[in-house]
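*Asks:* Got a structure here, written out as structure tokens. Questions coming.
Chains as they are written, first to last, in the numbering used here: chain A, 8 to 317; chain B, 75 to 379.
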């Protein structure tokens with residue numbers, strides 16, 4: 008079911024009323040840093056990417072550990088382009104939708120302000136249609152975004168988050184990890200820019216964000232701050248086949264670890280993914296700052312990783 | 075027919091004539107880029123699938139959300155995107171980027187190629203990779219993406235690239251700074267021509283420093299593992315000032331240390347991965363040799379022409 012939602016529709020359908028109720032409470036299961044079953048990073052490895060996603064989530068205690076019966080679940084896959092290795096694979100999204108349903112979710116929706124064409128070209132619209140998940144595409148209209156305070160924000164005092172997010176009980180963050188020409192790495196933390204308003208995203212980039220150390224730090228800090236305002240209940244990262252050059256759009260060199268990485272600790276998950284192509288987490292500013300500011304840890308002495316072959 | 079009506083007819087006739095002219099006759103920023111797209115059958119067996127998409131200036135952000143900055147850094151003007159399909163259902167996406175000048179197109183080509191693909195005799199330079207192909211010609215960068223690695227798709231990439239090349243006009247010259255890299259031992263495909271710090275950050279992680287506001291730069295990798303980067307600042311004064319800023323910024327970043335006990339007339343730093351960086355000023359340029367031994371780093375910096 009695809010719905011393109013503009014300001015008028017949004018108000019008409021009563022979503023705004025629901026938002027009023029939803030704001031001011033924490034989304035169920037939104038504890039971004041806790042260990043699930045004592046595991047920080049669960050990894051499904053194999054050729055069947057849907058099964059790999061399932062095994063990784065199972066290692067964390069299964070989807071029921073994150074999605075309660077009757078919950079409304081929001082999914083945030085990456086649909087940046089149709090180039091190979093630049094978007095979350097349909098089979099992983101399909102597996103997560105099914106697991107949410109099996110856990111008793113009342114509703115599963117993909118949220119996005121990206122154009123429908125990208126959902127069609129990547130095959131993700133077809134998955135939503137076939138699995139009966141909602142595809143909620145929102146116009147880039149500031150009225151559809153809600154200003155929320157950023158607790159402990161250093162660069163951002165408030166974030167402008169897609170209001171529909173607050174109409175859901177659980178967020179499953181579903182990036183593909185890949186290269187990024189700007190900050191070398193895309194993972195769970197960067198993916199949340201897909202919920203932030205495009206106008207707000209642009210403020211992350213100050214005029215001299217490429218040359219001025221303060222402006223660069225501002226960009227990375229904004230990403231970290233955004234992650235203080237939005238805490239996914241679960242992160243499921245496509246690390247099956249992804250671009251390690253020419254990111255985030257591609258085409259670029261593909262690395263094929265054939266892994267799906269799941270966890271609640273975004274710093275630990277991102278650090279694991281960065282390591283898949285030889286990046287050191289301490290060199291990725293957002294990972295380092297995320298760790299320093301309490302979003303999670305990449306300390307190998309503390310991070311428990313479990314890999315499951317399928 | 076009144077004078078105004080005649081004028082309107084003349085304008086309409088001129089527009090019809092122009093529509094039939096080869097697009098390559100248009101100058102930078104003139105006419106539609108659609109005219110550069112291969113027609114159905116121009117590459118045997120391949121036809122357009124859907125309509126083209128066009129993007130100009132800042133609109134590129136709507137197409138490449140989060141990744142348009144590097145194109146803007148090199149000097150982006152316009153782009154057109156068209157999908158193609160063959161009878162077997164194979165798909166190819168063709169993107170033509172019109173850049174500010176041939177140097178910008180060459181630079182984006184060097185940025186996007188891996189250097190590990192197969193060079194092709196196409197345009198000013200071309201590289202076929204596992205499932206995609208890049209080439210540049212004049213002020214244009216062309217990227218073709220297949221969606222599998224089958225032989226049929228790779229043949230389609232080459233055929234469509236060849237068809238696109240025919241309409242793009244004459245080639246451009248490789249920027250002169252590239253010639254400052256000595257050719258002996260230079261790894262084929264390793265050259266990156268850079269126009270700004272974003273490109274530079276992708277060839278060496280200097281981090282950020284105000285001394286990196288160069289005009290243009292080039293990077294080459296050599297067969298003994300050394301890297302040579304030449305940053306062009308335009309004048310001795312600019313290079314001297316930038317060199318001081320850069321040295322101070324790197325030395326105070328906490329990511330570099332100053333090694334002791336070396337006898338050379340060059341600034342040397344050592345990064346966290348154990349690589350030495352030797353800096354040497356040459357007129358308006360700053361040469362940086364990078365290697366995991368001090369001696370090779372110094373020798374590399376000294377090799378810049």
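Positions of the beta carbon are idealized from the N, C-alpha and C atoms, including for glycine.
Measuring alpha carbon to alpha carbon, tell me which residue in B/356, B/377 and B/321 is nearest residue 363 of chain B.
*Replies:* If we check each option's Cα against that of residue 363 of chain B, B/377 comes out closest.
*Asks:* Can you name, in chain order, every residue of its own chain whose Cβ lies under 7 angstroms from the Cβ of residue 163 of chain A, other than the five neighbours on each side?
*Replies:* These residues qualify, in order along the chain: 157, 229, 232 and 233.
*Asks:* When DSSP builds the beta bridges, which residues end up paired with residue 136 of chain B?
*Replies:* For residue 136 of chain B, which the question treats as bridged, DSSP gives no partner whatsoever.
*Asks:* Does DSSP classify residue 274 of chain A as helix, strand or coil?
*Replies:* In this structure, residue 274 of chain A counts as helix in the three-state DSSP scheme.
*Asks:* What does DSSP give as the partner residue(s) for residue 120 of chain B in the beta ladder?
*Replies:* Paired residues: B/160.
*Asks:* DSSP on residue 116 of chain A, reduced to helix/strand/coil?
*Replies:* In the structure shown, residue 116 of chain A sits in a strand (DSSP, three-state: E or B).
*Asks:* Can you name the residues that DSSP bridges to residue 127 of chain B?
*Replies:* Paired residue(s): B/155.
*Asks:* Terminal residues of the continuous alpha helix (DSSP H) containing residue 65 of chain B?
*Replies:* The requested residue 65 of chain B does not occur in the structure, where chain B is confined to residues 75 to 379.
*Asks:* Mapping the DSSP letters down to three states, classify residue 370 of chain B as helix, strand or coil.
*Replies:* Residue 370 of chain B: helix per DSSP, three-state reduction.
*Asks:* Which same chain residues, not among the five before or five after residue 174 of chain B, have their C-beta less than 8 angstroms away from its C-beta?
*Replies:* 102, 148, 149, 150, 151 and 213, listed in sequence order.
*Asks:* In terms of residues, what are the limits of the beta strand (DSSP E) holding residue 206 of chain B?
*Replies:* Looking at the DSSP string, the run of the beta strand (DSSP E) that includes residue 206 of chain B is 206 to 211.
*Asks:* Using the Cα positions of residue 231 of chain B and residue 111 of chain B, report the straight-line distance between them to the nearest angstrom.
*Replies:* Their backbone Cα atoms lie some 14 angstroms apart in a straight line.
*Asks:* In chain order, what are the residue ranges of uninterrupted beta strand (DSSP E) at least 3 long that sit wholly in the segment 254 to 300 of chain B?
*Replies:* The segment 254 to 300 of chain B contains these whole beta strand (DSSP E) runs: 266 to 268 and 290 to 295.
*Asks:* Could you pull out every unbroken alpha helix (DSSP H) segment of at least 4 residues lying fully inside the segment 173 to 221 of chain A, listed in chain order?
*Replies:* Taking only runs of at least 4 residues, the alpha helix (DSSP H) segments lying wholly in the segment 173 to 221 of chain A are 195 to 198 and 205 to 210.
*Asks:* Which bits of chain B does residue 180 of chain A rub up against, with CB to CB less than 8 angstroms?
*Replies:* Under the 8 angstroms cutoff, chain B gives no residues; its nearest Cβ is about 16 angstroms from residue 180 of chain A.
*Asks:* Please state whether DSSP places residue 344 of chain B in a helix, a strand or coil.
*Replies:* Strand, per DSSP.
*Asks:* Quick check on residue 47 of chain A: does DSSP put it in helix, strand or coil?
*Replies:* DSSP places residue 47 of chain A in coil when its eight states are reduced to three.
*Asks:* Do the segment 264 to 272 of chain B and the segment 221 to 238 of chain B meet, that is, are 3 or more Cβ pairs less than 8 angstroms apart?
*Replies:* Contact fails: fewer than three Cβ-Cβ distances are below 8 angstroms.
*Asks:* Is the segment 174 to 181 of chain A in contact with the segment 71 to 85 of chain A, if contact means three or more CB pairs nearer than 8 angstroms?
*Replies:* As far as the Cβ criterion goes, the segment 174 to 181 of chain A touches the segment 71 to 85 of chain A, which means the pair count is three or higher.
*Asks:* Which residues, in chain order, does the segment 225 to 258 of chain A contribute to contact with chain B at a C-beta distance below 8 angstroms?
*Replies:* The segment 225 to 258 of chain A vs chain B, Cβ under 8 angstroms: 252, 253, 254, 255, 256, 257 and 258.
*Asks:* Any C-beta of chain B sitting closer than 7 angstroms to the C-beta of residue 260 of chain A?
*Replies:* It does; some Cβ of chain B falls within 7 angstroms.
*Asks:* Using 8 angstroms as the Cβ pair cut-off and three pairs as the minimum, do the segment 137 to 152 of chain A and the segment 194 to 210 of chain A touch?
*Replies:* Verdict: yes, contact present.
*Asks:* Give me the subset of the segment 79 to 101 of chain A whose CB atoms are less than 8 angstroms from a CB atom of chain B, sorted by chain position.
*Replies:* Answer set for the segment 79 to 101 of chain A: 87, 88, 89, 90 and 91.
*Asks:* Going by DSSP, what residues sit across from residue 360 of chain B in a beta bridge?
*Replies:* Answer is B/305 and B/355, bridged to residue 360 of chain B.
*Asks:* Using a Cβ-Cβ cutoff of less than 6 angstroms, which residues in the same chain neighbour residue 366 of chain B once the five nearest sequence positions on both sides are dropped?
*Replies:* Excluding residues within five positions, the ones whose Cβ falls inside 6 angstroms are 348 and 349.
*Asks:* For chain B, find out if any of its Cβ atoms is closer than 7 angstroms to the Cβ of residue 188 of chain A; answer yes or no.
*Replies:* Chain B contact via Cβ: present.
*Asks:* Please classify residue 318 of chain B: is it buried, with 16 or more other beta-carbons within 10 angstroms of its beta-carbon, or exposed?
*Replies:* Under this definition residue 318 of chain B is an exposed residue.
*Asks:* Pull up the distance between the alpha-carbon of residue 134 of chain A and that of residue 100 of chain A, whole angstroms please.
*Replies:* For residue 134 of chain A and residue 100 of chain A, the distance between alpha carbons rounds to 8 angstroms.
*Asks:* Does the separation of the CB atoms of residue 274 of chain A and residue 297 of chain A fall below 7 angstroms?
*Replies:* Yes, the pair counts as a contact, with Cβ atoms nearer than the cut-off.
*Asks:* Between the segment 241 to 254 of chain B and the segment 194 to 210 of chain B, can you find at least three pairs of beta-carbon atoms closer than 8 angstroms?
*Replies:* The answer is yes - the segment 241 to 254 of chain B touches the segment 194 to 210 of chain B, with three or more Cβ pairs under 8 angstroms.
*Asks:* Tell me the rounded alpha-carbon separation between residue 127 of chain B and residue 159 of chain A.
*Replies:* So the alpha carbons of these two residues sit roughly 42 angstroms apart.
*Asks:* Is residue 266 of chain B close to chain A, meaning its C-beta is less than 7 angstroms from at least one C-beta of that chain?
*Replies:* Residue 266 of chain B does not count as touching chain A.
*Asks:* On the three-state DSSP scale, how would you describe residue 1 of chain A?
*Replies:* No statement about residue 1 of chain A is possible, as the shown extent of chain A runs from 8 to 317 and does not include it.
*Asks:* Within 7 angstroms of any Cβ in chain A, is that where the Cβ of residue 186 of chain B sits?
*Replies:* Chain A contact via Cβ: present.
*Asks:* So, is the C-beta of residue 102 of chain B closer than 7 angstroms to a C-beta in chain A?
*Replies:* Residue placement at residue 102 of chain B cannot be trusted, given a pLDDT of 48 that sits under 50; the coordinates are not used to answer.
*Asks:* CB-CB under 7 angstroms to residue 107 of chain A, same chain, minus the five flanking residues each way: which ones, in chain order?
*Replies:* 70, 74, 80 and 115, listed in sequence order.
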